[in-house]
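A.B. asks: Note that the numbering used here has the sequence shown beginning at 8, numbered continuously upward. Note that beta-carbon positions come from the ideal geometry of N, C-alpha and C, so glycine has one too. Take a look at this one; I'll ask things after.
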Amino acid sequence: MSKRKFRKSVESIQRQIEIHYGKIASEKQKVVPDENLIHYWQKEIVGLKKA
């Protein structure tokens, strides 16, 4: 993999992590947050960080 493709891949993963953190924050602000959804996004973040 070239440096450019690698950098784009890393940036894409970082962007996805930021989006997931935003979704978690948004869900936690609800009166009744969906804990299963929050847990799912947290698992996704862990998986993305391993990639």
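If you pair each beta-carbon of the region 25 to 32 with each one of the region 48 to 57, do three or more pairs fall below 8 Å?
C.D. replies: The answer is yes - the region 48 to 57 touches the region 25 to 32, with three or more Cβ pairs under 8 Å.
A.B. asks: Do the CB positions of Ile-26 and Leu-55 come within less than 8 Å of each other?
C.D. replies: Result no, Cβ atoms of Ile-26 and Leu-55 do not sit closer than 8 Å.
A.B. asks: Can you tell me whether Ala-32 is helix, strand or coil according to DSSP?
C.D. replies: In the structure shown, Ala-32 sits in a helix (DSSP, three-state: H, G or I).
A.B. asks: Which residues in the same chain as Lys-35 place their Cβ atom closer than 8 Å to its Cβ, once the five residues preceding and following it in sequence are excluded?
C.D. replies: Closer than 8 Å at Cβ, skipping near neighbours: Ile-45.
A.B. asks: Could you check the C-alpha separation between Val-53 and Lys-10 for me, to the nearest Å?
C.D. replies: Spanning the two alpha carbons is a distance of roughly 24 Å.
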